[in-house]
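Quick note: the sequence shown uses the working numbering, first residue 37, plus one each step.
Since the structure comes first, as structure tokens, the remarks are kept for the end.
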Amino acid sequence: ETWRSLQNSLSNIEANNRKHPGTGCQHLLFMSSVPVVHPKLSLAEAFLDNFGSEHVLDSSADDLKDHWTHNDHEGERKRLVDTLMRTAKSKDLRVTIVSGDVHVAAWGVVSRNDVLPGENWAQVQQLTSTAIVHPSLVSVMERLFFHVLNNVAKGEQELDVNLTAKMMLFPGDNRYVKAARNWLALELDLGDGNKGSKLWATWRCETKESFTNHLLAIDANSPPTPS
């Protein structure tokens with residue numbers, strides 16, 4: 037029933053009419069409480085088992101099995117990504133997943149390997165921001181936990197033969213996950229001409245003395261290549 041409701045909602049989205057600015061949808065923001073693209077947490081689970089979950093993050097042990105990236109949910113994750121990509125292709129738009137609840141700021145991408153690079157409907161962006169009330173993580177065990185996550189994040193995740201998820205280096209940083217108090221702003225830049233709107237993502241991350249800004253631009257779907 038949930039899947040049917042989701043598919044019905046997606047089918048009712050007005051397709052990109054290639055008029056700029058127009059009435060059709062160019063960017064679809066899909067909200068998921070936890071990320072669809074995130075470091076695999078099997079190694080983090082082992083870390084928690086070895087050191088005791090109560091010494092790392094209060095909610096980590098409970099949350100791990102609820103993640104899309106957990107092995108128990110791989111089939112559902114693939115089904116969701118396939119559904120979003122079919123919508124992106126049929127409606128001629130870009131899909132961006134926005135999530136939180138994992139204590140970090142992060143950026144990931146899931147993409148098809150059997151289409152041309154310019155067909156960016158087949159690249160779904162994942163933007164992750166922690167709840168702003170969560171303080172930056174500073175304890176030794178917390179930092180060790182996220183060191184493990186950063187190492188896990190270096191590897192690609194194969195959802196299917198032609199479907200790959202991977203974490204990207206966080207904009208303006210040398211890590212994949214940024215364990216800092218942060219918030220995320222999304223702004224639509226209408227621009228000019230007929231190339232479509234650009235979606236700007238800006239993370240505002242807390243440091244010891246101030247804040248840092250981390251920017252990412254997501255273009256509208258590329259027009260079809262003339263045959």
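No residue lacks a Cβ here, since even glycine has one placed at the ideal position from N, Cα and C.
Just so we're clear, the structure is a prediction, and the values are computed from it rather than from any experiment.
C-alpha distance - residue i paired with residue j, whole-angstrom precision
i	j	result
Ala97	His103	Bear in mind that the predicted position of Ala97 carries a pLDDT of just 49, short of 50, making it unreliable; the figure below should be weighed with that in mind. The alpha-carbon atoms of Ala97 and His103 are separated by roughly 11 Å.
Asp150	Arg113	19 Å
Glu178	Asn186	12 Å
Lys264	Asp118	No answer is possible for residue 264: the residues shown for the chain start at 37 and end at 263.
Val188	Ser47	36 Å
Arg40	Leu116	12 Å
Met121	Gly111	15 Å
Glu37	Gln43	10 Å
Ser135	Gln162	8 Å
Gly191	Trp143	14 Å
His91	Met204	With a pLDDT of 48 at His91, under the threshold of 50, the modelled position of that residue is not reliable, and no figure is offered here.
Local conformation of residue i per DSSP, three classes
i	result
Arg211	coil
Phe66	strand
Asn249	strand
Leu185	helix
Ser147	strand
Leu195	strand
Asp6	The chain is shown from 37 up to 263; residue 6 falls before or after that span and cannot be answered.
Thr200	strand
Leu42	helix
Thr59	coil
Val134	strand
Thr243	coil
Asp225	strand
Top-ranked residue by Cα proximity to residue i, from the options
i	options	result
Pro259	Arg179, Pro153 and Leu252	Pro153
Arg211	Gly136, Ser47 and Ala141	Ala141
Ala216	Ile168, Lys76 and Leu185	Ile168
Ala201	Arg240, Asn52, His170 and Val72	Val72
Thr238	Ser45, Arg122 and Ile254	Ile254
His183	Pro75, Trp143, Glu194 and Thr105	Pro75
Asn249	Ser165, Gly191 and Arg122	Ser165
Gly227	Leu251, Gly58, Glu194 and Asp209	Gly58
Val70	Gln43, Val138 and Val197	Val138
His170	Glu242, Leu195, Asp209 and Asp108	Glu242
Leu222	Asp209, Met67 and Gly60	Met67
Leu220	Leu199, Leu195 and Leu251	Leu251
Residues of its chain near residue i, where Cβ-Cβ distance is below 8 Å and the 5 sequence neighbours each way are ignored
i	result
Leu224	His63, Ser233, Lys234, Leu235 and Trp236
Asn257	Asn52, Gln62, Ala124, Asp128, Leu129, Arg130, Asn156, Trp157 and Gly232
Residue burial classification, residue i (beta-carbon count within 10 angstroms, cutoff 16)
i	result
Lys214	buried
Lys55	exposed
Val160	buried
Phe206	buried
Val146	buried
Asn218	buried
Thr132	buried
Neighbourhood of residue i by C-beta, 6 Å cutoff - its chain only, sequence neighbours within 5 removed
i	result
Phe247	Arg240
His106	none
Same chain only: Cβ atoms within 7 Å of residue i, ignoring 5 sequence neighbours per side
i	result
Glu50	Thr59, Gly60 and Cys61
Glu194	Thr200
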